[in-house]
Structure formats: C-alpha cells, structure tokens
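The working numbering applies: residue 5 is where the sequence shown begins, and numbers increase by one.
The beta-carbon is built from N, C-alpha and C at its ideal position, and this holds for glycine as well.
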Amino acid sequence: KCPLPPTHAAAFVAAGYNMVLENQGVEQAEQWRTGMEQEIQRNWTEIDEIVKNYYLEHPEALERNAGANPNGYDADFLPEDQGLPSLNSELVRLHLESDIEKSIEEAFLFDIDGVITDPDEKRITQVELLDSIIRRLELGYPIGFNTGRAINWVSERVINPLRQRILERKKSLKMLSNIFLSGEYGGTWMEFDKKGNGYVYMNQNISIPLQFQEEIRRMIANKYLYAMFYDEDKKTMVSAEMNPGFNLEEFKEVQKEFYEDVKALIAANGLTNQIRVDNTTIATDIEDATAGKRLGTKKFLEWLRKKRIKPELFRVFGDSAADEEMAEELDINGRNAEYWFVGKELGKKERRFRVLTPQKNFSQLTCQALRELDPVA
Numbered sequence: 005k006c007p008l009p010p011t012h013a014a015a016f017v018a019a020g021y022n023m024v025l026e027n028q029g030v031e032q033a034e035q036w037r038t039g040m041e042q043e044i045q046r047n048w049t050e051i052d053e054i055v056k057n058y059y060l061e062h063p064e065a066l067e068r069n070a071g072a073n074p075n076g077y078d079a080d081f082l083p084e085d086q087g088l089p090s091l092n093s094e095l096v097r098l099h100l101e102s103d104i105e106k107s108i109e110e111a112f113l114f115d116i117d118g119v120i121t122d123p124d125e126k127r128i129t130q131v132e133l134l135d136s137i138i139r140r141l142e143l144g145y146p147i148g149f150n151t152g153r154a155i156n157w158v159s160e161r162v163i164n165p166l167r168q169r170i171l172e173r174k175k176s177l178k179m180l181s182n183i184f185l186s187g188e189y190g191g192t193w194m195e196f197d198k199k200g201n202g203y204v205y206m207n208q209n210i211s212i213p214l215q216f217q218e219e220i221r222r223m224i225a226n227k228y229l230y231a232m233f234y235d236e237d238k239k240t241m242v243s244a245e246m247n248p249g250f251n252l253e254e255f256k257e258v259q260k261e262f263y264e265d266v267k268a269l270i271a272a273n274g275l276t277n278q279i280r281v282d283n284t285t286i287a288t289d290i291e292d293a294t295a296g297k298r299l300g301t302k303k304f305l306e307w308l309r310k311k312r313i314k315p316e317l318f319r320v321f322g323d324s325a326a327d328e329e330m331a332e333e334l335d336i337n338g339r340n341a342e343y344w345f346v347g348k349e350l351g352k353k354e355r356r357f358r359v360l361t362p363q364k365n366f367s368q369l370t371c372q373a374l375r376e377l378d379p380v381a
C-alpha cells in the first residue's frame, strides 16, 4: 500500500530506484521501479481521500500544478491526465532525473517501405544496410522503426534478417534491446529484452470495430477480390492491398471505387469522425483518426523515457510527406531533429528542422546517408 500524495510517492520511487541502481544494477532497478509504479496505480482509489485532503490543505501544490483536481482521482486516468504531477515531472522538480537519465549522442527513426526495404522486392536487398544498423546498435544508439505495416510483416522482412546478420557476425543479440518497432501507425508496437526476444503490444483503444472489419472483409470478398486482398496480419487497422502481379495503373482505378465504397460504409456506421481512409500506392489503409506516424513517434519517445535515454539528436529517415511528420512531432516535443529525405521529390515549405537529401534512389539513399554518418570509417 502507498498512502502518499503523488509528489511524495514520486520522490520515494526515485530514491528507491537510485538505491537499487547502485546496489543491483540498472536492470533490477527498472524492474523495481516498474513494479512500484504499478502498485501505486493499483492503489489510487484507496489513497484517494488522503490525496484529496493533501491538495486541499496544500494550495501551493495546486498552484504549482495548474489544473490539478482537488476532488480526488478518477481511477480510470493517470495523475498527469488530471493535471496532477507525474513521476517524471516530480523527478525533474526534485533534481533526481539527471542522476538516472542516460544522455546519448543520437537516435535513429526510420520508415520501412522504400527506406529500409526495397519498394519493388519488399525486403532488405543490401547487406551494407544491415551492417550499418548493427554498428549503431553496438554503440548503444536507439533505433526506431515507424510504419503502417503489421508487426509480423516487419519481423519477417526486417527484424529476422537483422537477427540472422547479427548471428552471422558472431555478435550478441542483446543489441536488439536498443530497437523499438511501431506498427500499424502506432496501434501496435514491439520491444526486445536483453536476450533479443521480442514482445508485441497493442492499443485496443484505437482498434477498428470488429463489426466494421467484417463488413470490409465481405466487401472485398464479394466485389474486389480480383484486384486486392484483406491483410489478415493487421490487428488495429484494416488494409486492402493490391494482389501480387496486378497492374498498378488498373489498381489505381479500382482503388478509387473501393475508396468511395468504404467512405459510404463509414458514414452508414456513424464512424465519420472516428475513422480515416488513406490511399497509398499499393493499398488502401483504414485506421483510427488518431493513428499515424505522429502516434508512432510518440510511442518511440515514451519508450526512450521508459529506458531513461535522452538522445541529443534524432536522425529521421523517410520518403513521403507522412514520414516528415515524424520530424515535426519530435520538433513539437522540443527535440533536436533532422530529416533525411530519401524519396523522389521533396515538397517546398518552411521547416523548423534541418533537411538533407542524398542523391541516389530509394533504400540506396539510406545506405549512402548512413555511410556518410558512419561512426566507423
């Protein structure tokens, strides 16, 4: 039980973290902190009256935390969602954050299609790219992958080849713990432990309703099966992808009709404000309105905070306007970011961050850029 107001609870967790860190190491400290935070959250309702009284008796705490709720917690929301101090904010205020936060030179955030994988073959075709990623993982640089693809797809086309290359070079799979993978535009994500084992998580709150998924599946089966297929790997969104070998120009025409049918179905289900439809070159994506590259970037930042890592510079790689949102989101969050554009044509507009454009095409550009940035000559 934890009968403490959140300010005191945060200080307690921070102090305990440092003690375990000093005596048992960072891995045990992280386990202790996570367990303690979960225990505190489970007991919010029991300490509600104590917290309420604390804030009523200490108005200076309310002034320090504008918007705080003096009437107690709503157990369905985290303290910070109600204007009350979070663990991280209290660590900063108590000058403990700097003691446990690890500063690192740079982090990398990649789109997948056309940036890591070849756009035609839909796989990594250059061993040099794998080696460049491995070198950065060995240095402890965090690497994020942010895509609309399903986790299974990325695991098969990117993570497994990377894992195999690590073993071929007789390196440790421990380096995979420096990777974060966001799939389905932030709807699913994958993290790795120190042994290189991957764990998949899903945000149920942004999942497309199952009934609507079934209606789209039936629509494709009854009308569009000759041109596209329903991607069964997706968990929180729906993708209708072009059949292999189907003519691309013809698919664009079919896609227009499918798009209108989907929009009509969304309206009929009263989901106009909740679901977004996006046409890509080879697919139509149907996702929650809050999903996207920005959400995937936020997940990457959350993962970094959980690991107590603070990169001095984020290098973002993409080939589309949607990918540029990753750099924009980092900039909005006060992070130092630069955008490496490896696509065909970069639109002209004012940007608050540095933009770099290598000269080759598609994933070859990524190799070239990483070669220029290579920490090992």
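A direct Cα-Cα distance of roughly 14 Å separates residue 319 from residue 338.
Residue 123: not part of any alpha helix (DSSP H); DSSP gives it neither H nor E. Taken in chain order, the complete beta strand (DSSP E) segments of 3 residues or longer contained in the segment 318-364 are 341-345 and 358-360. Out of 220, 168, 135 and 314, the CA that lies nearest to the CA of residue 281 is found in 220. Residue 361 is positioned such that its CB atom lies closer than 8 Å to that of residue 350. For residue 106, there is no enclosing alpha helix (DSSP H); the enclosing beta strand (DSSP E) has its first and last residue at 106-114. DSSP places residue 133 inside the alpha helix (DSSP H), whose first and last residues are 131-142. Excluding sequence positions up to five before and after residue 134, its CB lies within less than 6 Å of the CB of 166 and 169, all in the same chain and listed in chain order. CA-to-CA, the gap between residue 276 and residue 19 works out to about 48 Å. Looking at 26, 136, 302 and 244, the one whose alpha-carbon comes closest to that of residue 190 is 302. Per the DSSP secondary-structure output, residue 22 pairs with nothing in a beta bridge. Within the model, the alpha-carbon separation for residue 316 versus residue 304 is close to 15 Å. Put simply, of 125, 144 and 28 the residue whose alpha carbon is nearest the alpha carbon of residue 112 is 144. The distance from the Cβ of residue 300 to that of residue 323 is about 15 Å, inconsistent with a contact at the 8 Å cut-off.
With a beta-carbon spacing of about 7 Å, residue 151 and residue 117 fall inside the 8 Å limit used to define contacts. With fewer than 16 other CB atoms across the displayed protein chains lying within 10 angstroms of its CB, residue 124 is exposed.
By the criterion of at least three beta-carbon pairs nearer than 8 Å, the segment 256-268 is not in contact with the segment 207-214. By the 16-neighbour rule on beta-carbons within 10 angstroms, residue 254 is exposed. Taking residue 241 as reference, the option from 231, 229, 225 and 278 with the minimal CA-CA separation is 278.
Judged by DSSP secondary structure, residue 285 falls outside any beta strand (DSSP E); it is assigned neither H nor E.
In the three-state scheme derived from DSSP, where H, G and I count as helix and E and B as strand, residue 314 is classed as strand. Here residue 117 carries a strand assignment [DSSP, helix/strand/coil]. With a cutoff of 8 Å on beta-carbon distance, residue 335 and residue 321 are scored as not near each other. When DSSP states are grouped into helix, strand and coil, residue 246 belongs to the strand group. The continuous beta strand (DSSP E) containing residue 150 extends over residues 147-150.
Contiguous alpha helix (DSSP H) elements confined to the segment 195-259 occur at 214-223, taking only those with 4 or more residues.
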